[in-house]
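2 protein chains.
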Amino acid sequence: MAEDTRTRILNAAGPVFAEKGYQNTTVREICRVANVNLASMNYHFGHKERLYIETVKQAQRNKIEQVPQPQWQTGTSPAEKLRGFVRTLITRMMGTGEAPWQTRLMMREIMQPTQACQELVQNYFRPQFEILLGILEELLPAATTQPKRHQLAFSVVGQCLYYRVAHEVVALLIDKEEREAHYDAQQLGDHVTDLMLAALSSPDSWLTSSRHSSSGLESSTERRIENTSS
Amino acid sequence: MAEDTRTRILNAAGPVFAEKGYQNTTVREICRVANVNLASMNYHFGHKERLYIETVKQAQRNKIEQVPQPQWQTGTSPAEKLRGFVRTLITRMMGTGEAPWQTRLMMREIMQPTQACQELVQNYFRPQFEILLGILEELLPAATTQPKRHQLAFSVVGQCLYYRVAHEVVALLIDKEEREAHYDAQQLGDHVTDLMLAALSSPDSWLTSSRHSSSGLESSTERRIENTSS
DNA sequence: AATTGTTTAAAACGCGCGTTTTAATCGCAG
DNA sequence: CTGCGATTAAAACGCGCGTTTTAAACAATT
């Protein structure tokens, strides 16, 4: 049947594209992995580029059906929701090669977007972003401005993405013993959650005041070395 | 003179490698940009790979001499030091194509390290990491464990790196008006700093207690949807 | 002047890749 | 049976790239 080999190609292409990127991936390798003839791939997709785009779409479809809007039981505290959100996100990020290829493929699109990225944002990133904003809304003073909410959401996401982006560098900075003891998704997720909750529940008015904060020192506009490179 | 064309090649190679990555860069293009003959590049570097490695080393040397260990005046508050550190870091990250090629090249090495990465960590990332840890040490209770200190440092760095890694996605999520009003290095740096300071000065014992925190709710071990992908 | 290291111009080699083609087979609907 | 879409095998085209080569100039040193 038609769909059979088509999806076989797509499922083979996913992990390969995810691991090696678009340029470093050869159509021949995908066909070899898929046990499919070279001409057959051309029959279904024509270009390598179309195959790639379809692969990204497939990844996004996979993830969306795997991740229904999380429906917490009524009464779940926002802090608990945040913990769940962060843990899920960081779980997806962790793991070197074992991470699901969909996530790795999406990370590539984040870092250097192609044609496929806009759709990815619309169908996947933005909904996730909105969920996070919804959780934060419950935790934040009503007076919190929208830009501040957005930046806080990015603070959450940024901390989580870091453990994928800089996974190899972390492995070079932190010795194996400490990594194995403290760098699983659970502990890292709890760390990010605790940090955010501590910051949000701070007695200071740093969230709503337009500038300046905390213990009453800080001079924010002094010039310093300013190395804007050569 | 010998050095002249050699450095001309290196200076031409830097931006090109930074923008397009190793594979997508052609030796011919570098030579064209450098106004240098193809054979001349072979004369000095032999392989494309050696040229790349030398380029990364050059970037690292540039950055190191541009960024002397920041010596704050005695009496500078740790909060102020943190603000300066974060602002410098985030300034390097911001900007799409205008960012210095050294930073962009290093980001590529972070995301998918090559041979050149280990040296980069030793000579550049680790020193920076140590500086940040030194600043945090002044802000943290003495009882804070080392793993916690490390994770806090990564929380700082992660939030900053995000604005480079996900720059394009942020541009798709946040409309132009808000971006232009709130997404400069200064404001984002202050946000990250304020968030960290608020979290660190939280009255809760989340930093030192082994698990659980804040307002006395949280159940951290419940199972949820758990989508570990297909 | 002769030597040696540097640079250029131009061409070619060799290979791998994306893409196309051809010819042949299989299954199935009309 | 006939045709048609799907699939395969194998080969080839065409191109771009990394690399090498050749031959000739140029510069500085000896």
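Those protein sequences? They're chains A and B, same order as listed. Sequential numbering of the first sequence, starting at 1030, is according to my numbering. Sequential numbering of the second sequence, starting at 1030, is according to my numbering. No residue lacks a Cβ here, since even glycine has one placed at the ideal position from N, Cα and C.
Item: Closest by C-alpha distance to Pro1170(A), when choosing among Leu1236(A), Pro1044(A), Ile1093(A); Value: Leu1236(A)
Item: Member of Asp1219(A), Asp1233(A), Pro1232(A), Ser1234(A) whose CA lies at the smallest distance from the CA of Ala1108(A); Value: Asp1219(A)
Item: Segment limits, alpha helix (DSSP H) that includes Ser1069(A); Value: 1067-1074
Item: Span separating the alpha-carbon of Thr1174(A) from that of Ala1214(B); Value: 19 Å
Item: C-beta neighbour in chain A for Tyr1191(B), strict 9 Å; Value: yes
Item: Start and end residues, alpha helix (DSSP H) containing Asp1223(A); Value: 1214-1229
Item: Inter-residue Cα distance where the pair is Ile984(B) and Gln1144(B); Value: Within the shown structure, residues of chain B are numbered from 1030 to 1259, placing residue 984(B) beyond reach of any answer.
Item: Simplified DSSP assignment, three categories, for Asn1040(B); Value: helix
Item: Residue range of the alpha helix (DSSP H) that includes Gly1163(A); Value: 1155-1168
Item: Residue environment, Ala1068(B), which counts as buried when at least 16 other CB atoms sit within 10 Å; Value: exposed
Item: Cutoff 9 Å: Glu1167(B) Cβ touching any chain A Cβ; Value: no
Item: Residue-level contact to chain A via CB, Ile1038(B), 9 Å cutoff; Value: no
Item: Pairwise C-alpha distance: Met1225(A) and Ala1088(B); Value: 35 Å
Item: Residue range of the alpha helix (DSSP H) that includes Met1123(A); Value: From DSSP, Met1123(A) is part of no alpha helix (DSSP H); its letter is neither H nor E.
Item: Beta-carbon contacts of Val1115(A) that lie in its chain and below 6 Å, excluding the five residues immediately before and after; Value: Gly1218, Val1221, Thr1222
Item: At least three beta-carbon pairs within less than 8 Å, the region 1157-1164 of chain B to the region 1202-1216 of chain B; Value: no
Item: Sequence-distant residues of the same chain with beta carbon closer than 7 Å to Phe1158(B), five excluded per side; Value: Ala1182
Item: Interface residues of the region 1064-1088 of chain A facing chain B [CB-CB below 8 Å]; Value: none
Item: Within chain B, partners of Gln1147(A) - CB distance below 9 Å; Value: Leu1201
Item: Rounded separation between Arg1112(B) and Ser1106(B) - CA only; Value: 10 Å
Item: is_contact[Ala1042(B), chain A] using C-beta, thresh 9 Å; Value: no
Item: Assigned secondary structure, Ser1106(A) (DSSP; H/G/I helix, E/B strand, else coil); Value: coil
Item: Closer than 7 Å at the beta carbon, the chain A residues around Gly1104(B); Value: Chain A residues near Gly1104(B): none, gap ~11 Å exceeds 7 Å.
Item: Whole-angstrom C-beta distance between Cys1189(B) and Leu1118(B), which should lie under 8 Å; Value: 5 Å
Item: Cutoff 9 Å: Arg1155(B) Cβ touching any chain A Cβ; Value: yes
Item: Neighbour flag for Ile1059(A) against chain B, beta carbons, 9 Å; Value: no
Item: Supposed close pair Gly1043(B), Thr1084(B) - CB separation, criterion 8 Å; Value: 5 Å
Item: Min CB distance Leu1161(A) to chain B below 9 Å; Value: no
Item: Closest Cα partner of Thr1036(B) within the set Ala1228(B), Glu1048(B), Leu1080(B); Value: Leu1080(B)
Item: Nearest-angstrom Cα separation, counted from Ala1210(B) out to His1073(A); Value: 47 Å
Item: Contact list for Glu1207(B) against chain A, beta-carbon separation under 8 Å; Value: Gln1175, Pro1176, His1179
Item: Cβ-Cβ separation, Val1198(A) to Val1185(B) (assumed contact under 8 Å), whole Å; Value: Incorrect: roughly 14 Å between the Cβ atoms, too far for contact.
Item: Inter-residue spacing [alpha-carbon to alpha-carbon] between Thr1034(A) and Val1045(A); Value: 17 Å
Item: Cβ pair Val1062(A), Lys1077(A) closer than 9 Å; Value: no
Item: Distance between beta carbons of Ala1228(B) and Ala1227(A), contact taken as under 8 Å; Value: 4 Å
Item: Extent of the continuous alpha helix (DSSP H) run through Ala1088(A); Value: 1077-1095
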